[in-house]
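Visitor: Quick one: this structure, given as structure tokens, is what I'll be asking you about.
Residue numbers (full-length UniProt numbering): 1 to 205.
Have a look at this one:
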């Protein structure tokens, strides 16, 4: 995770061996929509024209929130203590590595957004809008939410009652694009990505 090009957090995940899964038996579908770059450009322009607040929130361990329709069993990972005689574990929630995990998470999040009053765009399944006295727009990219509108605090409080969230404040990095907040608008670049590539080939920038 980056904030202005700097790593601010590391994570470790227990992963399932999804490559052992059989299509039609262990999962039916696996495709999940992701945010589009063209939509991000339009979003930034919309925010600037209306002088809206533009913040970012991260759902902690987002994949673990989703439920599974299928019965999935795991061999007991090394180092995990289980009851005597237990040979496998049944997953109650989605786990990183499963074929259907991204789709399960998207369905879980989009269902909550819809139930709570947001409408999904007909042309972009990662874009949601909640109308009213305090309209909110939500741009979803996997476990990361970019939210914008005249006032964001009510939505932040509401979503924190459902998910464990990290409030990142002003949006600084989305879809690999660094977003700089200026007095007269925004500028975008990929300087951090260029520096990373240059470092990989030992090229000084």
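Cβ coordinates follow ideal geometry from the N, Cα and C atoms, glycine included.
From a predicted model like this one, the values you see are computed outputs, not experimental measurements.
1) So, is residue 41 buried or exposed, given that buried needs 16 or more other C-beta atoms within 10 angstroms?
2) Give every residue of the same chain whose Cβ lies closer than 8 Å to the Cβ of residue 261, excluding the five residues on either side of it in the sequence, and list them in chain order.
3) State the DSSP-derived secondary structure class of residue 26, mapped to helix, strand or coil.
4) What's the gap between the Cα of residue 146 and the Cα of residue 83?
5) Please tell me whether residue 76 and residue 86 are closer than 8 Å, where the distance is taken between their beta carbons.
6) Apart from the five residues just before and just after residue 201, which ones in its own chain have a Cβ nearer than 6 Å to its Cβ?
7) I'd like to confirm the pairing. Which residues does DSSP put opposite residue 130 in its beta bridges?
8) Counting along the chain, where does the beta strand (DSSP E) carrying residue 166 start and finish?
9) Quick one: Cα of residue 101 to Cα of residue 60, how far?
10) Does the region 88-96 come within contact of the region 118-128, defined as at least 3 CB pairs closer than 8 Å?
11) Does the Cβ of residue 140 have 16 or more other Cβ atoms within 10 Å, making it buried, or fewer, making it exposed?
12) Where do the ends of the beta strand (DSSP E) carrying residue 55 lie?
13) For residue 56, is the classification buried or exposed, using 16 other Cβ atoms within 10 angstroms of its Cβ as the cut-off for buried?
14) Could you tell me how far apart the beta carbons of residue 18 and residue 97 are, in whole angstroms, since I believe they sit closer than 8 Å?
15) Within 10 angstroms of its Cβ, does residue 65 collect 16 or more other Cβ (buried), or is it exposed?
16) Beta-carbon separation of residue 168 and residue 58 under 8 Å?
17) Buried or exposed, going by whether 16 or more other CB atoms sit within 10 Å of the CB of residue 171?
18) Does DSSP classify residue 187 as helix, strand or coil?
19) Within 10 angstroms of the Cβ of residue 47, are there 16 or more other Cβ atoms? Answer buried if so, exposed if not.
20) Can you check the region 80-117 for any beta strand (DSSP E) of at least 3 residues that lies completely inside it and give the ranges in chain order?
21) Give every residue of the same chain whose Cβ lies closer than 7 Å to the Cβ of residue 138, excluding the five residues on either side of it in the sequence, and list them in chain order.
22) Return yes when the Cβ of residue 44 is within less than 8 Å of the Cβ of residue 186, no when it is not.
Guide: Considering the structure as presented:
1) exposed
2) What the structure shows of the chain is the stretch from 1 to 205, and residue 261 is not part of that stretch, so it cannot be assessed.
3) coil
4) Residue 146 and residue 83: Cα-Cα distance of roughly 43 Å.
5) yes
6) none
7) Its beta-bridge partners are 136.
8) 165-170
9) 15 Å
10) Not touching, per the Cβ criterion.
11) buried
12) 53-59
13) buried
14) 5 Å
15) Buried.
16) yes
17) buried
18) Three-state result, residue 187: strand.
19) buried
20) 88-90
21) 113, 118, 128, 145 and 147
22) In this structure, residue 44 lies closer than 8 Å to residue 186 by Cβ.
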